[in-house]
Structures are given as structure tokens and as C-alpha cells.
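Numbering (the working numbering), first residue to last: 17 to 455. We put the CB at the ideal spot given by N, CA and C, even for glycine. Read through the structure below, which is laid out as C-alpha cells, and then see the notes.
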Ligand code: UDX
């Protein structure tokens, strides 16, 4: 199969490289000439484990190419994927679809023969209809179908998520388009991944409903964590206890500083807007978004409380800045609000992150960036774990204790065991790890 991928950002690049690895011939397109030039030199603009090796291999074997102009790629393509950004529109929270529609117009101008046009970008319900209208308007006689094929990739695990998905959702009523999509995903189908054929609007709703549900699960356990702190229970054990019920499931029950990243905050907001416009507000999701927002500031208050009620004139060491480990992505990272809130009340902040510091430097002023975790904690009045990088689980904690001015650890990801930390002489505060009140 010949595939054109319009947009070589996170989703486009991972999907394009994986499709090429399946044996398809893939051209990844991007408007940014600097990005394409870098990709052609084998430089990957994002940090994603395994991606640069996968891109290099498929370029070497001649199945993956890059270009700024889509004409050639679209003309010969069986399927053209639209994987451009859909940021939150400033002001109203709706997804900004201008890049998607622009791509549709450019595809329409050059497509040739029967072409399956696939929206891979996360787009609100009804976007496929609008893409179809644009294609029809630009090229009235053209032979094409528009399919919704949402992605469910997690940053940091995107390649394995792509190659071993729980399911593949293909939204179209066009039988020929279903065949083309089934052929493109055949290697996964042979691996037993369920291919779910649905209507196009249904596929669009699946993407948003899935992300909103996961965001709800996280927010739910975060509130249960707060309750646990008050009543002397342990949220880790509560999560395990409820997660073993198959109807609930064990995943996404890890309490922490609130969800961030490029998807959950933006997608919950877009779903809220879509549902409000449709006259059927999703009140649970509205609450989830509000609770998650407040949580980040609450985490700063937790740090202040652990420091004895004030951080004025104190130094706080922050380990982990990215919104999750194994990525360099700082979008909507809880660290941004937590650090700013601490600085606002007079704290000096030192920070270290294995991959996120380049991006962080453009977003956070007044932070002392350190070369490693030990340099970060040296002389600090408290250590705050904000992102659960594996390297932080393996720290020499006795050395950390010697380096800290006062041995206070606020572990917002529960990567350490409270008993162990207390035994080592730390004043330790986790999330949702209440102690039974003294009898
Ligand atoms: C998410 C979805 O998982 C993916 O299917 C979708 O396509 C894109 O959005 P991603 O944002 O990369 O992926 O990361 P994910 O691992 O889902 O984590 C999202 C946020 O939730 C992070 O801030 C993470 O720290 C937080 N989280 C996740 C928790 O706080 N607790 C959990 O139990 C799980």
C-alpha cells in the first residue's frame, strides 16, 4: 500500500514510521522545511523511545521518505492520513480545526484515482463530514472516501502501543475504504488486534469518550487519595483493591498531581464544548476538568504544608518536570503550575529532569536547572518528586538525605514506600497515604 501522512508531528511520525515498518511505502509530509530537512538527516525532533531507530531503518530500506510538498505523495496514495495538530482554540476551548481543513483543501487539489482520506488527528464529531464536504466542493467529480481512524498512542510507549493496540477503530460506511484500511492494518490484524468497524461519527466519539473516561478514572482516584489522607487509609491499596474487579480494571488508578500532557486536558475541554453545543452537557467531564485544574495548586499547598507552613526564603528541589516519564513533552505538565505557585510565595526552585529541561527553560523563569538529581537536592529544604522517572526510583536515598538541608520529601507520584522513608529518617509525604490515627 502507498500511504501519505500529512503532518510529521508526534502522531504522524510515529504512525508513518510504523506503517513503513509494516512494509507499506510511506511519505511523511510537513510544511516546516527545517523539520523535514532534519528528518532527512535522520534527526528526530521529539524524544520517543525506539523512534529514531525505526525511522532510520525504514529510510534505509527505502519505504519511508519525507517532503514538504504533498503533491507527489498524495497522487500515488491508496490512503492519505491527516495527522496535523488540533490545538485548543484560544478563548473558547474548542479544537482548532484550521490545519485539518487546510490539509483537506490541499489534498483535494491533487488527489488522483480512488483515495481514502483518513483523519488521524483528534477531531470533534462531525469533522469527517466537513472534510468530505471540502473535498467534494474542491473536486466535485473525484472518487474518494473519508474515514475516521483515531489514535490511542501514549507518549513514551507510542511504538509498542501502535504495534500492539487493544483495538483499531475504523469509522466509515464505505465498503471499499474498509478494505483499504483493513489491508493497511493487516499485520496487526494478524496479531489478533481487533479491528472495529463503525460509522464515522461513532469513531470520532470513541476517541473523545475514551480519553475523557481515562481522565475521569485518574481524577476519581485522586479525590479518593485526598479522602484517604483524611481518614487514615492508603490509596495504593485502595486502587489495588478496586482494580482487581474486572469491571473496574487496574490501570489508570495511580493517584498523583493531576493529569497533563497534550491530550487529556485539551480533549476533555473539546468534548465539554461539543456536548454543550449539542445541548447534552457531559457534567461529569466538566467536573473532572475543574477538579484537575484545582489539583495542581493543591499540590503546591501540600509542599508548603510539608515545609512547615511557609516556603518563603526556602529552596525546593523538584525532580521531574515533564508531564510523564519517557518523554521530553512539557505540555500542561503539573510541574509548571506547581513551580510557579511555589515561586509566587517566595520559594527558590532548583530542578532536574532527564529529558525535559530544554523545553522547560523556555516555559519556566527563575529556576536553577541542575545537571543531575544529586546536584538538585544539595542544600535544599525539601525534595518534591513531580514526575516518576525510573532513575528517581533508584536514587541512593541515604546520599539524598545527607545532601538535603532538611530531610523533607514530598512524593507526588508515590514512588517510595512510606515506611521505608520514615525508617531512613525522612519526613515523608506521599499522595493519599494516610496514617491510621493514633488510638
Ligand atoms: C493519552 C492516552 O493514554 C492516549 O490513548 C491518547 O491517545 C493520548 O493521550 P498520554 O497523554 O501520552 O496518552 O499519556 P498517559 O500515559 O495516558 O498519561 C496522561 C496523564 O495522566 C499524565 O499526566 C499522567 O501522569 C496521568 N496519569 C496517568 C495519572 O496521573 N495516573 C494514572 O494512573 C495514569
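query, result
"Bounding residues of the alpha helix (DSSP H) (the contiguous stretch that carries residue 475)", "A question about residue 475 goes unanswered here, because the residues of the chain that appear run from 17 up to 455."
"Distance cut-off 7 Å: residue 234 Cβ against heavy atoms of the ligand UDX", "yes"
"Contact belief for residue 401 with residue 360 at Cβ below 8 Å, rounded distance in angstroms", "In fact, because the Cβ distance is near 21 Å, the residues do not count as touching under 8 Å."
"Which listed residue (272, 43, 146 and 334) has its alpha carbon closest to that of residue 89", "43"
"Nonlocal neighbours in the same chain, by C-beta distance under 6 Å from residue 24, ignoring five residues either side", "44 and 46"
"The stretch 274-294 / the stretch 104-123 touching (three or more Cβ pairs under 8 Å)", "yes"
"Cβ contact check for the stretch 183-199 and the stretch 154-167: 3 or more pairs under 8 Å", "yes"
"Distance cut-off 7 Å: residue 475 Cβ against heavy atoms of the ligand UDX", "Lying before the first or after the last residue shown, residue 475 is absent from the chain, which here runs from 17 to 455."
"Outcome for residue 207 when other beta-carbon atoms lying within 10 angstroms are tallied against a minimum of 16", "exposed"
"Three-state class that DSSP yields for residue 244 in the structure shown", "helix"
"Spatial distance of residue 226 from residue 421 (CA atoms)", "45 Å"
"Beta-carbon spacing of residue 389, residue 424 below 8 Å", "no"
"Stretch-stretch touch, CB-based, cutoff 8 Å, three pairs: the stretch 360-378 with the stretch 437-449", "no"
"Bounding residues of the alpha helix (DSSP H) (the contiguous stretch that carries residue 318)", "299-322"
"Exposed unless 16 or more other CB atoms sit within 10 angstroms - verdict on residue 229", "exposed"
"Burial state of residue 252 (16 or more Cβ within 10 Å)", "buried"
"Cβ-Cβ distance between residue 342 and residue 66 below 8 Å", "no"
"When 114, 37, 351 and 21 are compared against residue 84, the one with the closest alpha-carbon", "21"
"Pick from 357, 293 and 331 that is closest to residue 317, judged by C-alpha positions", "357"
"Residue 187 - partner residues in DSSP beta bridges", "164 and 214"
"Distance cut-off 7 Å: residue 153 Cβ against heavy atoms of the ligand UDX", "no"
"Nearest-angstrom Cα separation, counted from residue 92 out to residue 129", "8 Å"
"At least 3 beta-carbon pairs within less than 8 Å: the stretch 208-222 vs the stretch 406-419", "no"
"Nonlocal neighbours in the same chain, by C-beta distance under 8 Å from residue 147, ignoring five residues either side", "98, 116, 117, 120, 133, 135 and 162"
"Proximity test, residue 340 beta-carbon vs the ligand UDX heavy atom, cut-off 7 Å", "yes"
"CB of residue 372 within 8 Å of CB of residue 337, strictly", "yes"
"From 18, 189 and 430, residue whose alpha carbon lies closest to that of residue 272", "430"
"heavy atom of the ligand UDX below 7 Å from residue 169 C-beta", "yes"
"For residue 364, the three-state DSSP class (helix, strand or coil)", "strand"
"Where the alpha helix (DSSP H) through residue 55 begins and ends", "49-56"
"Alpha helix (DSSP H) segment containing residue 386, residue limits", "Careful: residue 386 lies outside any alpha helix (DSSP H) and carries neither H nor E."
"Residue 279: CB within 7 Å of a non-hydrogen atom of the ligand UDX", "yes"
"Inter-residue Cα distance where the pair is residue 240 and residue 448", "7 Å"
"Residue 277 beta carbon less than 8 Å from that of residue 345", "yes"
"Cα-Cα separation, residue 315 to residue 153", "51 Å"
"Alpha-carbon to alpha-carbon, residue 26 and residue 94", "22 Å"
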